[in-house]
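Numbering (this note's numbering), first residue to last: 19 to 214.
I have placed the structure first, in the form of structure tokens, so that the comments after it can refer back to it.
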Amino acid sequence: MGPLVTNGIISENLNLFLAFIIGIGFGFVLEHSGFSSSRKLAGIFYGYDTVVLKVFFTGAITCMLGLLFFSLFGWIDLSLVYINPTYLTSAIVGGIIMGAGFIIGGYCPGTSICGASIGKLDGLIFVGGLFIGVLIFGLGYKLWEGLYMAKFLGSPKISSALGLSDGIFALLLILAALAMFWVAEWAEKKFPREEY
Numbered sequence: 019m020g021p022l023v024t025n026g027i028i029s030e031n032l033n034l035f036l037a038f039i040i041g042i043g044f045g046f047v048l049e050h051s052g053f054s055s056s057r058k059l060a061g062i063f064y065g066y067d068t069v070v071l072k073v074f075f076t077g078a079i080t081c082m083l084g085l086l087f088f089s090l091f092g093w094i095d096l097s098l099v100y101i102n103p104t105y106l107t108s109a110i111v112g113g114i115i116m117g118a119g120f121i122i123g124g125y126c127p128g129t130s131i132c133g134a135s136i137g138k139l140d141g142l143i144f145v146g147g148l149f150i151g152v153l154i155f156g157l158g159y160k161l162w163e164g165l166y167m168a169k170f171l172g173s174p175k176i177s178s179a180l181g182l183s184d185g186i187f188a189l190l191l192i193l194a195a196l197a198m199f200w201v202a203e204w205a206e207k208k209f210p211r212e213e214y
């Protein structure tokens with residue numbers, strides 16, 4: 019929603035309020051989709067339940083196509099959309115840490131809050147671990163600032179890095195998603211589902 023604030027269409031306060039409402043709706047959908055279950059989330063790593071992969075990949079593709087069409091219709095200026103800067107080393111290290119936590123605990127940060135909000139003990143423990151990790155990172159920042167800031171790549175887009183137009187990249191990503199969905203369906207048939 020950044021371009022709406024930047025262009026003066028809505029105020030910063032309205033932006034925060036809308037983010038709050040959207041966040042509640044997102045949490046509601048997550049919980050009703052079963053994403054507050056660590057077993058369902060961990061199922062992606064064992065092959066017996068690939069709903070998480072399908073839902074999040076579908077969400078990403080929907081968002082990507084929405085932005086592309088909004089840009090095409092002149093409803094949004096993509097140059098005003100913030101892209102997180104890329105620090106390659108910290109992205110890799112952070113990905114390994116988060117991936118290990120996801121496999122061990124069965125939650126990602128958002129779904130752990132979803133689980134904790136309905137009183138699941140494992141979700142509460144995971145959220146506690148998140149706060150401890152944030153505290154350790156913040157207090158020890160000077161120790162790993164060099165690692166955190168290493169290999170700055172700016173704010174690249176994959177399509178630009180590959181020399182592709184946004185539309186061609188979107189088409190290739192959709193084809194990759196369809197292939198991934200097919201593999202996910204195969205995995206669910208290949209590996210027995212656990213009852214939970």
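For each residue, glycine too, the CB sits at the ideal point set by N, CA and C.
Query	Result
Where methionine 19 falls: helix, strand or coil (DSSP)	At methionine 19, the pLDDT of 41 sits below 50, so the modelled position is not reliable; the number obtained from the coordinates is stated separately. In this structure, methionine 19 counts as coil in the three-state DSSP scheme.
Neighbourhood of tyrosine 64 by C-beta, 7 Å cutoff - its chain only, sequence neighbours within 5 removed	Phe209
The region 44-59 contacting the region 147-158, beta-carbon criterion three pairs below 8 Å	no
Cβ pair serine 56, aspartate 140 closer than 7 Å	yes
Bridge-paired residues (DSSP) for phenylalanine 170	Tyr105
Given histidine 50 as reference, the closest of Val69, Gly61, Ile143 once Cα atoms are compared	Val69
Rounded distance between the beta-carbons of serine 108 and tyrosine 166, thought under 8 Å	5 Å
Cβ neighbour criterion (16 or more within 10 Å) applied to serine 95	Sequence inspection shows aspartate at residue 95; the serine mentioned does not correspond to that position. So aspartate 95 ends up on the exposed side.
Backbone CA spacing between leucine 171 and alanine 188 [nearest angstrom]	22 Å
Secondary structure of arginine 211, DSSP reduced to three states	coil
Closest by C-alpha distance to leucine 191, when choosing among Tyr66, Ile39, Gly77	Gly77
Per-residue burial, phenylalanine 155 [other beta carbons within 10 Å of its own, 16 or more giving buried]	exposed
Beta-carbon proximity check, alanine 202 vs leucine 71, cutoff 7 Å	yes
Rounded straight-line distance, which links the Cα of leucine 157 to that of tyrosine 105	20 Å
N-terminal and C-terminal residue of the alpha helix (DSSP H) that valine 152 is part of	139-157
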